[in-house]
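Asker: Protein chains in written order, with this note's numbering: chain A, 427 to 526; chain B, 311 to 489.
All C-beta atoms in this analysis are idealised placements derived from N, C-alpha and C, irrespective of residue type, glycine included.
One structure, pasted below without further comment.
Here it is, written out as structure tokens:
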């Protein structure tokens, strides 16, 4: 019997894998993809709880998360493109202008 | 969803997620992410979220991932040895992520959720009609704000990605106009 809690556990695992990607990888595009993975893990948790409790709000929230993620991807990738044009790198360690 | 379907699919999803993080080639990472997003859509169908599953495939696996692949090819990214942090840092990240997964999993497992458990789903649960009705009543303000957000994102992306015309480019005749 697969309960919503199984989906929540899977969502926790996916979220943790995404967080590893954000910390370990230095390529900005891949860091970005890891963030998308974490957002999707959260979406899975919302849908699972919506199903387990018969509440449609969970699915509405997922709709909004998807919209914000799409907007974030468009702007974020544009920022990465602009940065690549100016610095010829997408390595997060090389872009340390605001870091001491 | 039957356990015989759930566990193999869960393994595939986790393998796809690991593929995103571990692959050296950014294109392979992106394709692993596409696979993971498709598998998540399967879960959404099993959880009676049909519209969300369709949106997941169209918006995420379709539009957003095409954008990612497009940027990867545009930047001409190739496997880069400087892409990883030091092994010590990686081990620390792995340890803390395991801890995060355990804590999150335990917390989610033990949480008492709102609403009633083990009740039959309400009539029309997960259908487009019910979701749309909720979006246009309960979440109307958020829904309208979303349109502004998307407009701002489109304008912002165009402005950011636009090539600044440098003075030298402006003085030079446009290609094809010399004759």
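With DSSP collapsed to three states, give me the class of residue 410 of chain B.
Answerer: helix
Asker: Look up residue 333 of chain B in the DSSP assignment and say whether it is helix, strand or coil.
Answerer: DSSP places residue 333 of chain B outside both helix and strand once states are collapsed to three, so it counts as coil.
Asker: Considering residue 515 of chain A, what are the terminal residues of the alpha helix (DSSP H) in which it resides?
Answerer: Segment: none, residue 515 of chain A is in no alpha helix (DSSP H) and carries neither H nor E.
Asker: Assuming the contact rule is C-beta atoms closer than 8 Å, residue 411 of chain B and residue 448 of chain A should be a hit. Round their C-beta distance to whole Å, please.
Answerer: No, residue 411 of chain B and residue 448 of chain A are not in contact; Cβ-Cβ is about 14 Å, not under 8 Å.
Asker: Between which two residues does the alpha helix (DSSP H) carrying residue 477 of chain A extend?
Answerer: In this chain, the alpha helix (DSSP H) harbouring residue 477 of chain A covers 454 to 479.
Asker: When the Cα atoms are used, what is the spatial distance from residue 372 of chain B to residue 337 of chain B?
Answerer: Answer to the nearest angstrom: the Cα atoms are 15 Å apart.
Asker: Taking the C-alpha atoms as reference points, what is the distance between residue 441 of chain A and residue 406 of chain B?
Answerer: The straight-line gap from Cα to Cα measures roughly 12 Å.
Asker: Measuring straight from C-alpha to C-alpha, what distance separates residue 435 of chain A and residue 473 of chain B?
Answerer: Roughly 45 Å separates the two Cα atoms.
Asker: Between which two residues does the alpha helix (DSSP H) carrying residue 381 of chain B extend?
Answerer: 375 to 385
Asker: Can you list, in chain order, the residues of its chain with a C-beta nearer than 7 Å to that of residue 484 of chain A? Leave out the 5 residues immediately preceding and following it.
Answerer: 472, 473, 475 and 476
Asker: Got a sec? Which residues, its chain only, sit under 7 Å from residue 430 of chain A by beta carbon, not counting five neighbours each side?
Answerer: 474, 475, 477 and 478
Asker: Might you give, ordered along the chain, the residues of its own chain that have their beta carbon closer than 8 Å to the beta carbon of residue 438 of chain B, omitting 5 neighbours on each side?
Answerer: Closer than 8 Å at Cβ, skipping near neighbours: 360 and 361.
Asker: Run down chain A in chain order and give the residues with a C-beta less than 8 Å from the C-beta of residue 464 of chain B.
Answerer: Simply 500.
Asker: So if DSSP puts residue 394 of chain B in a beta bridge, which residue, or which two residues, is it bridged to?
Answerer: A/451
Asker: Report the option in B/375, B/448, B/441 and B/318 whose CA atom is closest to the CA atom of residue 358 of chain B.
Answerer: B/441
Asker: Listed in chain order, which residues of the segment 377 to 411 of chain B have Cβ atoms closer than 9 Å to some Cβ of chain A?
Answerer: 377, 378, 380, 381, 382, 384, 385, 387, 390, 392, 393, 394, 395, 399, 400, 402, 403, 404, 406, 407, 408, 409, 410 and 411
Asker: Can at least three beta-carbon pairs, one atom from the segment 447 to 462 of chain A and one from the segment 311 to 322 of chain B, be found at a separation below 8 Å?
Answerer: no
Asker: Cβ closer than 7 Å: which chain B residues qualify as neighbours of residue 461 of chain A?
Answerer: The premise fails here: residue 461 of chain A is roughly 11 Å from chain B at the closest Cβ pair, so nothing lies under 7 Å.
Asker: Buried or exposed for residue 493 of chain A, going by 16 or more other Cβ atoms inside 10 Å?
Answerer: buried
Asker: In angstroms, rounded to a whole number, what distance separates the CA positions of residue 415 of chain B and residue 349 of chain B?
Answerer: 20 Å
Asker: Grouping DSSP H, G and I as helix and E and B as strand, with all else coil, what is residue 388 of chain B?
Answerer: coil
Asker: List, in chain order, every chain A residue whose beta-carbon is nearer than 8 Å to that of residue 336 of chain B.
Answerer: 453, 455 and 456
Asker: Counting only beta-carbon atoms, is residue 476 of chain A nearer than 8 Å to chain B?
Answerer: Answer yes: the Cβ-Cβ gap between residue 476 of chain A and chain B drops below 8 Å somewhere.
Asker: Mapping the DSSP letters down to three states, classify residue 363 of chain B as helix, strand or coil.
Answerer: helix
Asker: If you measure beta-carbon to beta-carbon, which residues of the segment 337 to 357 of chain B are closer than 8 Å to chain A?
Answerer: Close to chain A, meaning a Cβ-Cβ distance shorter than 8 Å, are the following residues of the segment 337 to 357 of chain B: 339, 340, 343, 346, 347, 350, 353, 354 and 357.
Asker: Cβ closer than 7 Å: which chain B residues qualify as neighbours of residue 522 of chain A?
Answerer: Going along chain B, no residue has its Cβ under 7 Å from residue 522 of chain A, so there is no contact; the nearest lies around 14 Å.
Asker: Does residue 317 of chain B come out as helix, strand or coil in the three-state DSSP assignment?
Answerer: helix
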